[in-house]
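A short write-up of the structure that comes next.
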Amino acid sequence: MEKITLASQLLQYLITGLTVGSVYAMVAVGFNIIYNVTEIINFAQGEFVMLGGLTMVSLHVAMGLPIILAFPVTIVLVTVIGILIDRFAICPIRRPSVLTLIIATIAVSIIIKGTASFIWGKNPFDLPAFSGRNPINILGAVVQPQYFWVIGFLVITAIALSIFFDRTIIGKAMRACADNANAASLVGINVKKMILLSFALSAAIGAVAGIAITPISLMEYDRGAMLAVKGFGAVILGGLGSFPGAILGGLIIGSIESFGAGLVHSGYKDAFALIVLLVILFFKPSGLLGNIEISRIKRF
Amino acid sequence: MTFRRISIITTICFFAIGLLVSQVNAFEGSYKVGAVFSVTGRASFLGDPEKKTVEMLAEKINAAGGINGKKLELIIYDDEGDATKCNLAVKKLITRDKVCAVIGPSLSGLSLAVIPVAEKHKIPLVSCAASYKIVYNEKTGKPYKYVFKTPQSDSMAVEAIYKHLKNKGINKIAIISVTSGFGASGRSELIRLAPKYNMNIVADEKYGPKDTDMTAQLTKIKGKTPAAIISWSIGPTQVTVTRNWRDLGMTGISLYQSHGFGSRKNIKLAAGAAEGVFCPLGACNIAELLPADHPQKSVTTDYLKNYTAKYNEPLSSFGGHGWDALMLVSKALESVGCDKAAIRDYIENKKGFVGQHGLFNFSPDDHNGLTQEAFQMVIVKGDDWALVD
Numbered sequence: 294m295e296k297i298t299l300a301s302q303l304l305q306y307l308i309t310g311l312t313v314g315s316v317y318a319m320v321a322v323g324f325n326i327i328y329n330v331t332e333i334i335n336f337a338q339g340e341f342v343m344l345g346g347l348t349m350v351s352l353h354v355a356m357g358l359p360i361i362l363a364f365p366v367t368i369v370l371v372t373v374i375g376i377l378i379d380r381f382a383i384c385p386i387r388r389p390s391v392l393t394l395i396i397a398t399i400a401v402s403i404i405i406k407g408t409a410s411f412i413w414g415k416n417p418f419d420l421p422a423f424s425g426r427n428p429i430n431i432l433g434a435v436v437q438p439q440y441f442w443v444i445g446f447l448v449i450t451a452i453a454l455s456i457f458f459d460r461t462i463i464g465k466a467m468r469a470c471a472d473n474a475n476a477a478s479l480v481g482i483n484v485k486k487m488i489l490l491s492f493a494l495s496a497a498i499g500a501v502a503g504i505a506i507t508p509i510s511l512m513e514y515d516r517g518a519m520l521a522v523k524g525f526g527a528v529i530l531g532g533l534g535s536f537p538g539a540i541l542g543g544l545i546i547g548s549i550e551s552f553g554a555g556l557v558h559s560g561y562k563d564a565f566a567l568i569v570l571l572v573i574l575f576f577k578p579s580g581l582l583g584n585i586e587i588s589r590i591k592r593f
Numbered sequence: 008m009t010f011r012r013i014s015i016i017t018t019i020c021f022f023a024i025g026l027l028v029s030q031v032n033a034f035e036g037s038y039k040v041g042a043v044f045s046v047t048g049r050a051s052f053l054g055d056p057e058k059k060t061v062e063m064l065a066e067k068i069n070a071a072g073g074i075n076g077k078k079l080e081l082i083i084y085d086d087e088g089d090a091t092k093c094n095l096a097v098k099k100l101i102t103r104d105k106v107c108a109v110i111g112p113s114l115s116g117l118s119l120a121v122i123p124v125a126e127k128h129k130i131p132l133v134s135c136a137a138s139y140k141i142v143y144n145e146k147t148g149k150p151y152k153y154v155f156k157t158p159q160s161d162s163m164a165v166e167a168i169y170k171h172l173k174n175k176g177i178n179k180i181a182i183i184s185v186t187s188g189f190g191a192s193g194r195s196e197l198i199r200l201a202p203k204y205n206m207n208i209v210a211d212e213k214y215g216p217k218d219t220d221m222t223a224q225l226t227k228i229k230g231k232t233p234a235a236i237i238s239w240s241i242g243p244t245q246v247t248v249t250r251n252w253r254d255l256g257m258t259g260i261s262l263y264q265s266h267g268f269g270s271r272k273n274i275k276l277a278a279g280a281a282e283g284v285f286c287p288l289g290a291c292n293i294a295e296l297l298p299a300d301h302p303q304k305s306v307t308t309d310y311l312k313n314y315t316a317k318y319n320e321p322l323s324s325f326g327g328h329g330w331d332a333l334m335l336v337s338k339a340l341e342s343v344g345c346d347k348a349a350i351r352d353y354i355e356n357k358k359g360f361v362g363q364h365g366l367f368n369f370s371p372d373d374h375n376g377l378t379q380e381a382f383q384m385v386i387v388k389g390d391d392w393a394l395v396d
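So the sequence lines, in the order shown, correspond to chains R and V.
If you read the first sequence in the working numbering, its first letter stands for residue 294, the second for the next number, and so on.
If you read the second sequence in the working numbering, its first letter stands for residue 8, the second for the next number, and so on.
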C-alpha cells in the first residue's frame with residue numbers, strides 16, 4: 294500500500310468538494326429561479342432532484358432506454374411535475390401571501406415523497422455511470438469520470454441560464470417579474486405564466502442534478518430533504534436571488550465539508566459549513582453576492 | 008333512489024362476505040399478539056421486512072391449525088420510527104387490544120422508550136432491535152424483567168470482526184461510521200473492545216446518513232495507512248463507502264462492514280465494488296451456504312424459500328429478527344397459553360431455540376440468549392457471500 298502525499302490528499306478533497314458542491318449549487322439555482330419570480334422558497338426543490346434520479350433509473354435501468362434518450366425524457370417528465378405543482382398547488386391559492394405559498398410547497402414535498410415511496414419503494418437505486426466506473430488518476434488524486442459529468446452539468450446549466458436570462462425576451466420578462474411583478478404586468482408581461490415557467494425551469498435543473506448525482510451516491514425516495522437543506526444553505530451564503538452567488542455558495546459549502554472532513558474532523562463537517570455561513574452572514578447579512586437594497590424591498 | 012339501493016346492496020354484500028370469511032376460519036377463539044414495527048419512515052428497511060415476515064409466519068401457523076386450535080391473531084401497528092407513536096401503539100396494544108405479548112419495536116431508541124410501559128403493565132416484550140441496553144438495566148446490572156430481544160448485540164459483531172483481524176495478524180485499524188444511532192453504538196463498542204484485542208485505532212471518521220460522498224474521509228484514512236477499515240452503517244451510505252474505497256484504490260486495506268451490510272441488495276448496488284469485503288452475518292443471511300449439518304440449516308432455508316416466493320424480493324436479515332420474536336412468542340403461547348407472567352417465565356427459561364439468527368439459550372441473566380457464535384464471517388466473492396473459515 295503506497296502512501297498518499299499531502300498534496301494529493303488536498304487535491305482529492307478539492308475535487309470531491311467541488312463535485313458535491315456542484316449538486317448543492319444546482320439545487321441552489323433552482324431555489325433562486327422560483328424565489329426571483331415569486332418571492333417564495335420552494336421546499337419541494339430537493340424532491341425534484343430525487344424525482345430526476347429515480348425517473349432516470351426507471352427509464353434507463355428498468356425500461357432499458359439508452360441514456361441519450363432517457364435523459365431528455367426524464368427532464369421533460371420532472372418538468373411536467375413542476376408545472377403540475379404550480380397549476381394545482383400554487384396557482385389555485387386565493388389571495389396568496391408568501392407564507393401560505395411556502396407552506397403549500399412543504400405540503401407538495403410531503404406528497405411527492407410519499408408518492409415516490411409508493412412507486413419506487415424505500416430501497417436505494419443505482420444508475421450506471423455515464424462513462425464507466427474506471428477511476429482516473431490525476432496527480433495522485435483519484436477521480437471518477439462521473440465527477441466531470443456533475444461539474445460539467447453545472448457549467449452547462451450556468452451558461453444556458455445566463456444566456457436565457459440575458460439574451461432572450463422570455464428570460465428578460467422573468468427578470469422583470471423578479472424586479473417588480475406589478476410593473477411587469479403593467480407592461481404586458483403575463484406574471485402567472487412566468488411563475489409557471491419558473492417552476493418548470495427549476496424542476497428541470499433539479500432533475501439534471503438528480504441524474505448526475507445518482508451514479509455516485511445512489512438515490513432513494515427521502516434523499517431530497519437533505520439536498521434541499523444544503524442547497525438552501527448555498528442560496529443564503531451566496532445571497533438570496535443571485536445566480537452567481539448560488540453557484541459560488543454551493544461550491545464553497547461542498548468544499549468546506551470536504552476539507553473539514555479530511556483535515557479536521559469528519560464528525561463536525563456539517564458544522565464547519567454552518568459556522569462559515571453564520572460568520573459570512575454576520576459580516577454581510579445579504580450573503581456573498583446578494584444586494585441588501587434588493588432584499589429590503591422583497592416581502593421575504 | 009339509486010344511491011340508496013346501491014348502498015343497501017353493498018351493505019348486504021359486506022355482511023355476506025363477512026359471514027363467508029368467518030365460516031372459513033373455524034378457530035375456537037384466538038391468541039392476540041401485538042407487533043410494533045417502523046414499517047414506514049426512516050427505518051422502513053427494518054420494519055418493512057419484519058412486518059412481511061411476521062405476517063407470512065402467522066399465515067403459516069394458522070394454515071397449520073393455529074396454536075392449540077386457536078387462531079394466532081396478529082395486530083400490527085406502524086410507529087413510523089417515531090418514539091411517541093411507538094409508545095402510544097404499545098399502550099393501545101396492551102389496554103385496548105389486550106394482547107398476550109408484544110413483539111418489536113424495530114429501533115433501539117424506540118425499544119428503550121417503551122421498556123417502562125412493558126414493565127409497568129407486566130407484559131412480555133420481545134424487541135427486534137440490537138442495542139444491548141434493551142436487555143441490560145444499568146441500575147441493577149440485570150435484564151429488565153419483561154423485556155427480551157432477538158437480534159445479536161453490536162458487541163458480538165465487533166468481537167467477531169476483531170477475532171478475525173487478530174487471526175490475520177492485523178492490529179492497525181481505522182473506523183468509519185455513520186452518525187446515526189446504529190453507527191454511534193457500533194463505534195463506541197469498537198472503541199470499548201479495542202484494548203481487549205490489542206487493536207490500535209489510527210483513524211475514527213464519520214459521515215451523515217444521507218451524505219453523497221465519503222471520498223474525503225477515506226482519503227484521510229488512506230494517509231494513515233491502516234491495515235484494515237471497519238465501516239459501521241446501514242442504508243445506502245455503506246454502499247457509497249464501498250465504492251469510494253474501491254475507486255480510491257484502497258483494496259490493499261481490507262474493508263470490514265458491520266452486520267448492517269447483510270443484504271444482497273448492497274452487493275448488487277455496489278456494482279462490483281464489494282468484491283473482497285468482509286462482513287459478520289447471522290445464519291439467516293447465508294442459508295444456502297450453510298453446511299447441511301448446521302443446526303439452523305432447515306429453518307433458514309425454509310424461511311428463505313417462503314419469503315422470496317411470497318414477496319418476490321431478496322431476503323433481508325432484519326426480517327429474521329421478526330421471525331425469531333414471533334416464533335418465540337408462539338412457542339410460549341403453545342405451552343402456557345395467554346398468561347403474561349407464564350409467557351415471560353417460559354421465554355426466560357427457553358433453551359436451544361433454533362432461530363434465524365442463532366441458537367437462543369435464555370436465562371435470568373441473559374434476555375438475548377445469543378453468543379458471538381451467532382455471527383459467521385463471510386466475504387463477498389463473485390457478487391455473493393462466501394463463508395470464511
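The C-beta atom is built at its ideal place from N, Cα and C for all residues, glycine as well.
Along chain R, in chain order, which residues have C-beta atoms closer than 9 Å to that of residue i?
{"i": "V/Leu276", "result": "Asn416, Pro417, Phe418, Asp419, Leu511"}
{"i": "V/Thr249", "result": "The contacting residues do not exist; V/Thr249 stays about 11 Å from chain R at best."}
{"i": "V/Gly283", "result": "Simply none; closest approach about 14 Å."}
Taking 8 Å as the limit between beta carbons, can you name the residues of its chain near residue i, skipping five residues before and five after?
{"i": "R/Lys485", "result": "Cys384"}
{"i": "V/Ile122", "result": "Leu132, Ile141, Tyr151, Val154"}
{"i": "V/Gln30", "result": "Confidence in V/Gln30 is poor, its pLDDT being 48 and thus under 50, which makes the residue's placement too unreliable to answer from."}
{"i": "R/Thr393", "result": "Ile386"}
Might you give, ordered along the chain, the residues of its own chain that have their beta carbon closer than 6 Å to the beta carbon of residue i, omitting 5 neighbours on each side?
{"i": "R/Gly543", "result": "Gly314, Tyr317, Ala318, Ala321, Ala527"}
{"i": "V/Asp211", "result": "Ile182"}
{"i": "R/Thr398", "result": "Asn335, Phe336, Ala337"}
{"i": "R/Ala566", "result": "Ile546, Ile549, Glu550"}
{"i": "V/Gly362", "result": "Asp331"}
{"i": "R/Pro428", "result": "Val435, Gln437"}
{"i": "R/Leu299", "result": "none"}
Identify, in the order they occur along the chain, each residue of the same chain with its Cβ nearer than 7 Å to the Cβ of residue i, setting aside the five sequence neighbours on each side.
{"i": "V/Gly283", "result": "Thr258, Ile386, Val387"}
{"i": "V/His343", "result": "For clarity, residue 343 of chain V is Val in the given sequence; the question names His instead. Cβ neighbours of V/Val343 beyond the five flanking positions: Ala349, Ile350, Tyr353."}
{"i": "V/Gln379", "result": "Met163, Glu166, Ala167"}
{"i": "V/Ala277", "result": "Val246, Thr249, Arg250"}
{"i": "R/Ile376", "result": "Leu489, Phe492, Ala493"}
{"i": "R/Val522", "result": "none"}
{"i": "R/Phe457", "result": "Gly464"}
{"i": "R/Thr348", "result": "Thr367, Leu370, Val371"}
{"i": "V/Lys58", "result": "Phe44, Val46, Ile83"}
{"i": "R/Leu311", "result": "Ile444, Leu544, Gly547, Ser548"}
Per DSSP, residue i forms a beta bridge with which residues?
{"i": "V/Cys286", "result": "V/Val385"}
{"i": "V/Glu87", "result": "According to DSSP, V/Glu87 bridges with nothing at all."}
{"i": "V/Val109", "result": "V/Gly41, V/Leu132"}
{"i": "V/Phe360", "result": "V/Phe367"}
At what residues does the alpha helix (DSSP H) containing residue i begin and finish?
{"i": "R/Ile334", "result": "It is not in any alpha helix (DSSP H) - R/Ile334 carries neither H nor E in the DSSP assignment."}
{"i": "V/Ala316", "result": "304-318"}
{"i": "R/Val572", "result": "562-576"}
{"i": "R/Val480", "result": "Counting along the chain, R/Val480 falls outside any alpha helix (DSSP H), and DSSP gives it neither H nor E."}
List, in order along the chain, the chain V residues whose C-beta lies closer than 7 Å to that of residue i?
{"i": "R/Gln305", "result": "Thr222, Thr226"}
{"i": "R/Thr551", "result": "The question names Thr, but residue 551 of chain R in the sequence shown is Ser. What R/Ser551 touches in chain V: Ala223."}
For the beta strand (DSSP E) that contains residue i, what are its first and last residues?
{"i": "R/Ile506", "result": "It is not in any beta strand (DSSP E) - R/Ile506 instead sits in the alpha helix (DSSP H) that spans 484-510."}
{"i": "V/Asp391", "result": "391-394"}
{"i": "V/Lys156", "result": "154-156"}
{"i": "V/Val40", "result": "37-44"}
Run down chain V in chain order and give the residues with a C-beta less than 8 Å from the C-beta of residue i.
{"i": "R/Thr348", "result": "Correct list: empty, because the minimum Cβ distance to chain V is about 18 Å."}
{"i": "R/Ala554", "result": "Glu212, Tyr214, Ala223, Gln224, Lys227"}
{"i": "R/Ile297", "result": "Thr226, Lys229, Gly230"}
Below 7 Å on C-beta distance, what does residue i contact in chain R?
{"i": "V/Tyr214", "result": "Ser559"}
{"i": "V/Leu255", "result": "Val435"}
{"i": "V/Ser51", "result": "Lys415"}
Would the C-beta of residue i count as close to the ligand GTP, meaning under 7 Å from any of its heavy atoms?
{"i": "V/Lys304", "result": "Among the components of this structure there are no ligands whatsoever, and the ligand GTP is therefore not found."}
Report the neighbours of residue i on chain V: residues whose CB is nearer than 9 Å to its CB, in chain order.
{"i": "R/Thr312", "result": "Thr219, Asp220, Thr222"}
For the segment 187-232 of chain V, which segments carrying the alpha helix (DSSP H) assignment without a break, of at least 4 residues, lie completely within its bounds, in sequence order? Taking only runs of at least 4 residues, the alpha helix (DSSP H) segments lying wholly in the segment 187-232 of chain V are 188-200, 222-230.
Whole alpha helix (DSSP H) runs in the segment 387-464 of chain R with 4 or more residues, listed along the chain? Within the segment 387-464 of chain R, the complete alpha helix (DSSP H) runs of at least 4 residues are 391-413, 438-460.
Inside the segment 236-285 of chain V only - beta strand (DSSP E) runs reaching at least 3 residues: Runs of the beta strand (DSSP E) inside the segment 236-285 of chain V: 261-264.
List in chain order: all unbroken alpha helix (DSSP H) runs of 4+ residues lying wholly within the segment 119-190 of chain V. Within the segment 119-190 of chain V, complete alpha helix (DSSP H) segments of at least 4 residues are found at 161-174, given in chain order.
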